[in-house]
Amino acid sequence: MMKQKVLILLKIALVAFFLLFLILNITSIVYYNTKIVFIVLLVLFLLFSISFFIVYFFVQNSTSNYKEILETNDNGITHRFSNINSAILNDYQNAIKKLKEKNMYVLGRYDVLDNIRKKYKKDMKNAKKIQRSMLPKKMPKNEYLSSYSFYNPVEIIGGDFFDYVYLNNDASEILFIISDVSGHGIDAAIITAVIKTAFRDLSKNFISVKSLLHDINDTLINMMPSGYYSTMIVAKIDLKNRVLTYSNASHTPLLAVRNNGIKEYRNGGTIIGLFPSAYFHEEDIELNNGDIFLFFTDGIIEASKSKNKYDVYGIDRLKDMFRGNSNYSAETIIENIKRDFYEYLDYRSPDDDCSMVIFKVNY
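Taking the working numbering, the leading residue of the sequence shown gets 1, the next gets one more, and so forth.
Listed below in structure tokens is the structure:
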């Protein structure tokens, strides 16, 4: 468009100069009656005309190498490009083609990643269902015992686990396990599945709490790569003989409210899954009417609402809540501790899996 304007201006200038040439020549002949001025003006006119045609030819030739195109994209939007040189136009069209190819590649990769994300989300949802099905659908309850549980993984699936089996037909002997696998997510969930399978299989030939821990330890070492481990407590609740026998494999302490006091039970042994020659011992606790036992994982007492590692919910606060609510039912005790726990966190999610299980004796 700019070059066309230049051509028009050149034509106007030529016409104007020609008219000026005629006027000056007529004037020189009338007033000066001489041909010298005419000859000088004629030479100047010829020089200007030659210069004009050279410039005009150059501009016209340059313009002829340009074309106007209309480019319409896939969305129907039209872009106008005027006076584009053919070489530039080819480069532009090649660049557009490459850009479209790269866009198609990126969109294709995005679709692949989106499908992977959707599949992962679906798989994790299924994994959550499977892991939740590994936990007891209901806790033991009879005329001598009531119980209640709380489970909250920090991710969709987690490393906390608890389970129980009855050792006899009248449900008077209960074998209970709670464990906390190192880490979170898929790895931890796989190990909890191994522990559950081992617990269920080994409990069929139950001998003692300490021997069961020893066998679970061997199973975990033989089946899993090195570096995976778990803390746990195994306890047998014998309601007929009024004895709870437990062994603590480096887990958080078993808390008990008894005779208006509170006590910690830590006896047992080392972490499960690290040492093939690990030894475990057990301890008996006599059961009395009103005794309450709280099993929990470290996600409860180590939960923090700040980056200060000393600013945690803590075992002292847990013990105070446990003892202060001991007159209530097992369910109410758990719910009140939960409420206080999340109030402390300002209702934010904790950084670790959290589990609690309460057994309350009623003789």
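All C-beta atoms, glycine included, are put in the ideal place defined by N, C-alpha and C.
Exposed or buried, what is residue i when buried is set at 16 or more other beta-carbons lying within 10 Å of its beta-carbon?
i: residue 281; result: exposed
i: residue 95; result: exposed
i: residue 325; result: buried
i: residue 332; result: exposed
i: residue 104; result: exposed
i: residue 159; result: buried
i: residue 320; result: exposed
i: residue 72; result: Because residue 72 carries a pLDDT of 45, less than 50, the predicted location of this residue cannot be relied on, and the following value inherits that uncertainty. Exposed, since its Cβ has fewer than 16 Cβ neighbours within 10 Å.
i: residue 313; result: buried
i: residue 12; result: exposed
i: residue 179; result: buried
i: residue 54; result: exposed
i: residue 50; result: exposed
i: residue 91; result: exposed
i: residue 355; result: buried
i: residue 255; result: buried
Go through its chain and collect everything with a Cβ distance to residue i's Cβ below 7 Å, but skip five positions before and after it.
i: residue 350; result: 154, 299 and 303
i: residue 270; result: 249, 250 and 278
i: residue 216; result: 195, 198, 199, 202 and 272
i: residue 344; result: 305 and 313
What residue from the options has the CA that sits closest to residue i's CA?
i: residue 229; options: 276, 138, 357 and 97; result: 276
i: residue 152; options: 269, 185, 278 and 170; result: 185
i: residue 149; options: 158, 143, 162 and 346; result: 162
i: residue 168; options: 270, 272 and 237; result: 237
i: residue 279; options: 107, 100, 212 and 175; result: 212
i: residue 242; options: 122, 289, 99 and 321; result: 289
i: residue 176; options: 338, 183, 136 and 214; result: 136
i: residue 341; options: 317, 357, 297 and 328; result: 317
i: residue 262; options: 358, 112, 323 and 118; result: 323
Below 8 Å CB to CB, which residues in the same chain sit around residue i once its five sequence neighbours on both sides are set aside?
i: residue 218; result: 276
i: residue 311; result: 304 and 305
i: residue 259; result: 288
Ordered along the chain, which non-local residues of its own chain (more than five positions away) have a Cβ less than 6 Å from that of residue i?
i: residue 285; result: 244
i: residue 189; result: 131 and 157
i: residue 141; result: none
i: residue 247; result: 209, 210, 213, 234, 268, 280 and 282
Am I right that residue i and residue j are in contact with their C-beta atoms under 8 Å? What's the rounded C-beta distance?
i: residue 191; j: residue 232; result: Not confirmed; about 11 Å, so no contact.
i: residue 361; j: residue 164; result: Wrong, their Cβ atoms sit about 15 Å apart, outside the cutoff.
i: residue 301; j: residue 292; result: Actually they are not in contact, since the Cβ atoms of residue 301 and residue 292 sit about 18 Å apart, beyond 8 Å.
i: residue 147; j: residue 330; result: 6 Å
i: residue 240; j: residue 182; result: Rounded, the Cβ-Cβ distance is 37 Å, inconsistent with contact.
i: residue 295; j: residue 257; result: No, residue 295 and residue 257 are not in contact; Cβ-Cβ is about 13 Å, not under 8 Å.
Is any heavy atom of the ligand ADP found at a distance shorter than 7 Å from the C-beta of residue i?
i: residue 342; result: No copy of the ligand ADP appears in this structure; indeed no ligand is present at all.
Would you list, in sequence order, the uninterrupted beta strand (DSSP E) runs of no fewer than 3 residues that lie entirely inside the region 170-247? 173-181 and 230-238
Please specify which runs of the alpha helix (DSSP H), each continuous and at least 4 residues long, are wholly inside the region 326-354, giving them in chain order. 330-344
Which full runs of the alpha helix (DSSP H) of 4+ residues lie inside the region 271-329, going along the chain? 298-301 and 315-324
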